[in-house]
Amino acid sequence: MKEIGFIGLGIMGKPMAKNLLKAGYRVYTYDVNYAEIDKLVEAGGIGCSSIEEVAVSCSTIVTMLPNSPQVKEVILGEGGIAQYAAKGTLIIDMSSIAPDASKEISAAIAPKGIRLIDAPVSGGEPKAVDGTLAIMAGGSPEDFQEAQPVFEVLGSSAVLVGDVGSGNTCKLANQIIVAGNIAVLSEAMMLAKKAGTDPEKVFHAISRGLAGSTVMNAKAPMMLAGNYKPGFKIDLHIKDLNNALETGYKSGAPLLLSAQIMQMLQTLHQDGEGASDHSALMKYYEKIAGTTLKEE
Ligand code: NAD
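Quick note: the sequence shown uses UniProt numbering, first residue 1, plus one each step.
Okay, here's the thing in structure tokens:
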């Protein structure tokens with residue numbers, strides 16, 4: 001049985017850590033929220049009261065944290081992984097963070113002989129539970145190879161996109177496409193409603209044509225039902241588009257549409273919708289169109 005560390009046991013991390021347990025790993029778990037550790041201990045995991053305990057017990061450690069500052073703190077901060085991990089440790093950071101943060105962390109730990117692979121995921125909670133996430137990785141081919149057994153448990157596909165940071169650049173591209181899809185879907189559904197055509201019939205008529213998409217199939221039914229239970233929260237999408245805009249600024253990539261959708265998401269956040277699913281972009285259109293998609 002092989003030891004693996006898992007830090008960050010939220011919506012995504014918890015089911016991922018459970019899948020590693022089911023696959024026969026001895027999983028050393030840590031989260032600042034101790035209640036989440038207890039849930040993993042109930043499932044057979046080993047609860048740790050500090051990052052140090054994880055780092056001294058495991059030579060492979062997965063992190064699944066909200067954003068760059070938390071990943072930096074857990075790896076580079078006082079009492080963090082880098083302070084205690086043995087030479088040769090591989091950190092697999094599966095959080096969605098800024099590509100430059102991945103590069104910065106990797107460069108900081110390299111002199112200690114600790115390696116980082118950035119491996120963010122797409123698929124959300126259902127695919128985290130099923131172990132069918134799409135994994136996009138950045139790192140050396142050797143580190144990618146070493147992480148393969150873990151990726152096989154957690155995902156249905158894992159692609160090495162390039163050097164460290166490339167996994168997160170890929171994830172930003174993914175998040176731009178998802179946000180754009182949801183925004184234009186909202187616009188189109190509202191056009192149907194305002195023009196007096198049943199949006200539900202429009203969805204059924206077009207979903208198998210060129211306009212159809214995985215995003216449309218997942219999000220149109222939620223919009224039509226007015227059900228915005230997350231899923232993927234508006235606030236997390238703001239975080240991703242913020243990282244995308246920052247990366248675009250640094251690299252000179254024009255992100256016209258992302259900037260506009262960011263404003264819509266920020267408006268929704270101000271309206272108290274930060275914890276709603278990102279399909280609540282429909283609510284932005286409802287506000288400016290003066291009507292709801294769903295018949296009242
Ligand atoms: P979450 O907020 O549910 O979980 C994050 C966990 O990290 C929490 O349990 C929190 O207590 C813990 N944490 C925060 N700071 C910590 C620290 N310093 N030390 C230890 N633990 C700490 O978030 P999530 O939905 O699981 O998302 C995690 C990452 O995965 C994010 O980067 C997100 O963008 C990405 N992601 C989420 C989804 C989704 O559908 N939720 C899909 C794909 C990718």
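From the three backbone atoms N, C-alpha and C, an ideal C-beta is built for every residue, glycine too.
For residue j and residue i, the rounded distance between their alpha carbons
i: Asp100; j: Ala147; result: 21 Å
i: Ile91; j: Ile61; result: 5 Å
i: Gly5; j: Ala225; result: 40 Å
i: Val150; j: Thr247; result: 29 Å
i: Ala98; j: Ser68; result: 6 Å
i: Thr214; j: Val71; result: 30 Å
i: Ala85; j: Leu40; result: 22 Å
i: Val159; j: Met222; result: 30 Å
i: Ile182; j: Lys201; result: 18 Å
i: Lys239; j: Lys229; result: 19 Å
i: Leu265; j: Lys2; result: 43 Å
i: Gly80; j: Tyr30; result: 12 Å
i: Ala275; j: Ser59; result: 35 Å
i: Glu73; j: Tyr34; result: 17 Å
i: Val56; j: Thr89; result: 10 Å
i: Tyr249; j: Ala280; result: 27 Å
Contact test: residue i Cβ vs the ligand NAD heavy atom, cutoff 8 Å
i: Gln70; result: yes
i: Lys233; result: yes
i: Asn227; result: no
i: Glu73; result: yes
i: Glu125; result: yes
i: Ile81; result: no
i: Met222; result: no
i: Tyr30; result: yes
i: Pro66; result: yes
i: Ile46; result: no
i: Gly102; result: The question names Gly, but residue 102 is Ser in the sequence shown. Outside the cutoff, so no.
i: Val121; result: yes
Beta-ladder partner(s) of residue i, from DSSP
i: Ala134; result: Ser122, Ser157
i: Phe6; result: Thr29, Val62
i: Lys233; result: Asp277
i: Leu90; result: Thr60, Arg115
i: Ile46; result: Tyr28
i: Gly162; result: Gly138
Exposure label - residue i; buried when at least 16 CB within 10 Å
i: Gln175; result: buried
i: Arg208; result: exposed
i: His278; result: buried
i: Leu256; result: exposed
i: Gly286; result: At residue 286 the sequence reads Glu, which differs from the Gly that was named. When all chains shown are included, Glu286 counts as buried.
i: Thr291; result: exposed
i: Ala110; result: exposed
i: Lys87; result: exposed
i: Thr169; result: buried
i: Leu172; result: buried
i: Leu133; result: buried
Contact under 9 Å by Cβ, residue i with residue j
i: His237; j: Ala179; result: yes
i: Ala289; j: Lys193; result: yes
i: Gly131; j: Ser156; result: yes
i: Leu9; j: Met94; result: no
i: Ile105; j: Pro120; result: no
i: Ile46; j: Val27; result: yes
i: Ala128; j: Met282; result: no
i: Val153; j: Asn242; result: no
i: Gln83; j: Glu53; result: no
i: Gly167; j: Ile117; result: yes
i: Met189; j: Ala220; result: yes
Residue i: CB within 8 Å of a non-hydrogen atom of the ligand ADP
i: Leu241; result: As for the ligand ADP, it is missing from this structure, which binds only the ligand NAD.
9 Å Cβ cutoff, residue i in contact with chain C
i: Arg115; result: Chain labels in this structure do not include chain C; a single protein chain is all it has.
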